[in-house]
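Engineer:
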Amino acid sequence: MFLDMGPLKLHYEISGEGKPLILLHGNGEDMTIFDEALPLLEKHFMVYRIDTRCHGESTKMKEIHYSLLAEDLYAFIKLLKIEKPVIFGFSDGGITALIMEIKHPGTASHLIVSGANTKPSALKLWFRISAWNAYQRTRDKLINLMLSEPHIRKRELESIKIPVLVTAGEKDLVKRSDTEFIASSIPDSKLMIIPSEHHESYIVHSDKIARIIIEETNERERV
Numbered sequence: 001m002f003l004d005m006g007p008l009k010l011h012y013e014i015s016g017e018g019k020p021l022i023l024l025h026g027n028g029e030d031m032t033i034f035d036e037a038l039p040l041l042e043k044h045f046m047v048y049r050i051d052t053r054c055h056g057e058s059t060k061m062k063e064i065h066y067s068l069l070a071e072d073l074y075a076f077i078k079l080l081k082i083e084k085p086v087i088f089g090f091s092d093g094g095i096t097a098l099i100m101e102i103k104h105p106g107t108a109s110h111l112i113v114s115g116a117n118t119k120p121s122a123l124k125l126w127f128r129i130s131a132w133n134a135y136q137r138t139r140d141k142l143i144n145l146m147l148s149e150p151h152i153r154k155r156e157l158e159s160i161k162i163p164v165l166v167t168a169g170e171k172d173l174v175k176r177s178d179t180e181f182i183a184s185s186i187p188d189s190k191l192m193i194i195p196s197e198h199h200e201s202y203i204v205h206s207d208k209i210a211r212i213i214i215e216e217t218n219e220r221e222r223v
């Protein structure tokens with residue numbers, strides 16, 4: 001399905017029944033990274049999967065910034081009249097979810113943010129060098145996005161009032177200090193560092209993340 005948002009045609013799919021859950025993929029990916037998690041999630045949620053702008057089957061727009069991705073997400077929620085969704089965001093998707101909630105407080109019921117960073121320098125040096133070399137070859141605007149954004153400040157994180165679970169792999173490409181900074185700055189947050197996992201290993205084409213989402217949502221609803 002496609003949601004007509006003017007020049008942007010946003011590709012999305014809906015499946016399952018229950019509380020609304022929005023899944024946001026990372027940079028250079030699309031909604032299919034959640035294929036393995038979907039069967040389990042559909043038993044508990046009405047799942048909305050999105051190809052963000054410039055990804056998958058959505059329109060390849062001229063510009064991409066995290067602020068635009070956040071506004072796309074907010075518009076998607078409002079146009080489809082989704083009430084207080086759980087939002088899971090991986091990597092760039094996590095950044096998008098945080099910025100959306102900063103700009104539009106209380107839109108989500110809670111966030112689960114995995115492998116997000118607050119600034120480009122929070123990515124480990126080896127990854128930034130690799131990304132920079134790739135950008136020199138390709139001039140890919142998606143790579144440039146990672147190298148130039150985001151710039152999320154502590155006081156912005158402190159403004160988030162909904163519950164947030166912040167996760168990262170033990171061997172993540174995001175510096176541990178930045179993951180801890182995100183979690184410590186958000187008032188109602190929890191930090192989960194997952195042993196032996198990398199940036200994407202427990203998320204991309206894995207059902208491990210489904211279990212984390214289900215357990216976290218069940219725990220939040222019991223409170």
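Note that full-length UniProt numbering has the sequence shown beginning at 1, numbered continuously upward.
Heads up, the beta-carbon is just placed ideally off N, CA and C, and yes, glycines get one too.
From I214 to S148, what distance separates their C-alpha atoms?
Structural biologist: Those two C-alpha atoms are separated by around 33 Å.
Engineer: Using beta-carbon positions only, say whether M100 and N27 come within less than 8 Å of one another.
Structural biologist: No, Cβ-Cβ distance for M100 and N27 is not below 8 Å.
Engineer: Where does I129 land, buried or exposed, given buried means 16+ other C-beta within 10 angstroms?
Structural biologist: I129 comes out exposed.
Engineer: Mapping DSSP to helix, strand and coil, what is S185?
Structural biologist: Here S185 sits in helix by DSSP.
Engineer: Work out the CA separation of A131 and E71 for me, nearest whole Å.
Structural biologist: Answer to the nearest angstrom: the Cα atoms are 26 Å apart.
Engineer: Grouping DSSP H, G and I as helix and E and B as strand, with all else coil, what is A97?
Structural biologist: Three-state result, A97: helix.
Engineer: Using alpha carbons as the reference points, say which of Y66, S109, K103, K119 lies closest to I82.
Structural biologist: Of Y66, S109, K103, K119, the residue nearest in Cα terms is S109.
Engineer: For S177, tell me which candidate among A122, R153, I112, I50 has the shortest Cα-Cα distance.
Structural biologist: Measuring from the Cα of S177, the nearest candidate turns out to be A122.
Engineer: Kindly identify the DSSP beta-bridge partner or partners of E13.
Structural biologist: Bridge partners of E13: R49.
Engineer: Go to T118, then tell me how far its alpha helix (DSSP H) extends in each direction, as first and last residue.
Structural biologist: No alpha helix (DSSP H) contains T118, which DSSP labels as neither H nor E.
Engineer: Quickly, what does DSSP pair F90 with across the bridge? List them, please.
Structural biologist: F90 pairs with S114.
Engineer: Quick check: what's the CA-CA separation for T59 versus K124?
Structural biologist: Rounded to the nearest angstrom, the two C-alpha atoms are 31 Å apart.
Engineer: Using CA atoms only, rank isn't needed, just tell me which of I22, H55, P39 is closest to L73.
Structural biologist: The shortest C-alpha separation from L73 is found at I22.
Engineer: Write down the C-beta distance between V166 and S189 rounded to the nearest angstrom, noting that I regard them as a contact closer than 8 Å.
Structural biologist: Right, their Cβ atoms sit about 6 Å apart.
Engineer: Only counting the same chain, and skipping five residues up and downstream in sequence, which positions put a Cβ closer than 6 Å to that of E183?
Structural biologist: Going by the sequence as given, residue 183 is Ala instead of Glu. Result list for A183: V166, S189, L191, in chain order.
Engineer: For I162, tell me which candidate among R139, P105, L142 has the shortest Cα-Cα distance.
Structural biologist: When each option's Cα is compared against that of I162, the closest is P105.
Engineer: When the distance is taken between beta carbons, is M1 closer than 8 Å to E13?
Structural biologist: In contact: E13 and M1 (Cβ atoms closer than 8 Å).
Engineer: Which of the three DSSP states, helix, strand or coil, is assigned to D140?
Structural biologist: Residue state, collapsed to three classes: coil.
Engineer: Grab the span of the beta strand (DSSP E) containing T217 for me, first residue to last.
Structural biologist: Premise fails: T217 lies in the alpha helix (DSSP H), 208-222, not in any beta strand (DSSP E).
Engineer: With 16 other CB atoms within 10 Å as the buried threshold, where does P7 fall?
Structural biologist: P7 should be labelled exposed.
Engineer: Helix, strand or coil for M31? Go by DSSP, reduced to three states.
Structural biologist: M31: helix per DSSP, three-state reduction.
Engineer: I'd like the span of the beta strand (DSSP E) that includes L3, first residue to last.
Structural biologist: From DSSP, the beta strand (DSSP E) with L3 extends over 2-5.
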